[in-house]
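Colleague:
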Amino acid sequence: MADEILFPSQTWVEEYCKRLSESPDYNKAGKGWKDPIMFTISDPEALSEKPEFNSFTLYLQDGKCEKCEMIKTENGSAPFVLTATYANWKKIIDGKINPTQAMLTGQLKVKGNMALILRYASAAIAMVKVAQSIPTKYIA
1 MADEILFPSQ TWVEEYCKRL SESPDYNKAG KGWKDPIMFT ISDPEALSEK PEFNSFTLYL
61 QDGKCEKCEM IKTENGSAPF VLTATYANWK KIIDGKINPT QAMLTGQLKV KGNMALILRY
121 ASAAIAMVKV AQSIPTKYIA
């Protein structure tokens, strides 16, 4: 088995971006999407060790991930921001909760055009499947 990559880390985010661009399912489901999405951990202080960053942005364009950026400060922004506790991100990445269900139940908070996000629900599911393909190690 491949070495596990720590979530969150620059290596994990770069691998995620690369795998999204290589995923036929995401390439198809993400067609037409043109906005960056920021992913934020809402409770980094609750972790046993501080992650190197709390947020990262994926620059998504027509089913590809053009680039990624780690956000080390509190003042990053993007047209769409997805925020969850570390435990809920872990559940989403591990496939224990569906991202659409997590949004609708408040486990995953969304800033941005909710109607547009829901229209791309299949892309969100494809993104989770790609995340699940990464051998991931978590902070305890």
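In full-length UniProt numbering, the protein residues as written are 1 to 140. Backbone N, C-alpha and C define an ideal beta-carbon position, used for all residues, glycine too. Fair warning: this is a prediction, and the values are worked out from it, not measured in the lab.
How many Å lie between Q132 and P79 at the Cα?
Modeller: Q132 and P79: Cα-Cα distance of roughly 25 Å.
Colleague: On a Cα-Cα basis, can you pick out the residue from M114, A115, P99 that is closest to L108?
Modeller: With distances taken between Cα atoms, L108 lies closest to P99.
Colleague: Starting from E69, trace the beta strand (DSSP E) in both directions and tell me its first and last residue.
Modeller: Counting along the chain, the beta strand (DSSP E) containing E69 begins and ends at 64 to 71.
Colleague: Could you check if T11 is buried or exposed, using at least 16 other CB atoms within 10 Å of its CB as the buried criterion?
Modeller: Looking at its Cβ environment, which holds fewer than 16 other Cβ atoms inside 10 Å, T11 is exposed.
Colleague: Exposed or buried, what is N113 when buried is set at 16 or more other beta-carbons lying within 10 Å of its beta-carbon?
Modeller: With fewer than 16 other Cβ atoms within 10 Å, it is exposed.
Colleague: Decide if G63 is buried, meaning its Cβ has at least 16 other Cβ atoms within 10 Å, or exposed.
Modeller: By the neighbour-count rule (16 or more Cβ atoms within 10 Å), G63 is buried.
Colleague: Would a C-beta distance cut-off of 8 Å place T57 and C68 closer than the cut-off?
Modeller: Yes. Within cutoff.
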